[in-house]
Amino acid sequence: MLLQKIKPIKVFNNGDLSRDFTHIDDIVIGVKSAMLSDSSTKKLYELYNIGNNKPVVLTKFIETIEKYLGKKSIKKMLPMQDGDVKKTWASISKITKDYNFQNNVSLDKGIEEFINWFKVYHKV
Numbered sequence: 035m036l037l038q039k040i041k042p043i044k045v046f047n048n049g050d051l052s053r054d055f056t057h058i059d060d061i062v063i064g065v066k067s068a069m070l071s072d073s074s075t076k077k078l079y080e081l082y083n084i085g086n087n088k089p090v091v092l093t094k095f096i097e098t099i100e101k102y103l104g105k106k107s108i109k110k111m112l113p114m115q116d117g118d119v120k121k122t123w124a125s126i127s128k129i130t131k132d133y134n135f136q137n138n139v140s141l142d143k144g145i146e147e148f149i150n151w152f153k154v155y156h157k158v
């Protein structure tokens with residue numbers, strides 16, 4: 035069992051940041067789509083963004099983790115870091131057009147799976 039001192043998490047820009055979280059299963063599907071497609075229609079070299087294309091506010095991300103842990107986090111609210119950006123996400127229009135790529139795993143489901151795996155792996 036993990037016994038560690040509880041530490042606050044640093045939440046920059048007071049949680050007013052959005053990021054694009056992507057489940058590994060969706061990444062694998064995107065890579066396989068590009069690699070295993072019919073070679074007669076495949077371009078020899080191409081770059082693709084593979085992401086969720088749906089940015090999530092950091093506070094919502096933290097709340098979802100708290101929900102599946104059954105615990106509230108201790109947050110240390112901080113200002114925006116130098117060089118950071120308020121919102122980022124992947125543009126998947128190109129891989130969607132070329133390979134009909136779609137994300138299948140929601141943020142909620144992905145976090146639930148990760149927390150369940152973590153608890154089993156670390157015998158928590």
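Everything in the sequence shown is counted per this note's numbering, starting at 35 for the first residue and increasing by one. Using N, Cα and C, we set each Cβ at its ideal position, and we do this for glycine too.
Could you give the residue range of the beta strand (DSSP E) that holds residue i?
{"i": "E109", "result": "At residue 109 the sequence reads Lys, which differs from the Glu that was named. Element bounds for K109: 109-111."}
Which whole-angstrom value describes the C-beta separation of residue i and residue j, a residue pair presumed to lie in contact below a C-beta threshold of 8 Å?
{"i": "L141", "j": "F46", "result": "Going by Cβ atoms, the distance from L141 to F46 rounds to 19 Å, so no, they are not a contact pair."}
{"i": "L52", "j": "V90", "result": "Inspection of the sequence shows that residue 52 is occupied by Ser rather than by Leu. Contact holds; Cβ gap of about 6 Å."}
{"i": "D72", "j": "V139", "result": "Not a contact, Cβ separation roughly 26 Å."}
{"i": "I145", "j": "Y102", "result": "6 Å"}
What residue range does the alpha helix (DSSP H) around residue i cover?
{"i": "K153", "result": "141-155"}
{"i": "E97", "result": "92-103"}
{"i": "K131", "result": "127-133"}
In this structure, how does DSSP classify residue i when only helix, strand and coil are distinguished?
{"i": "K121", "result": "strand"}
Checklist entry - Enumerated in chain order, which unbroken segments of the alpha helix (DSSP H) with a length of 4 residues or greater are wholly contained in the segment 39-75? => result Segments of the alpha helix (DSSP H) lying fully in the segment 39-75: 58-69.
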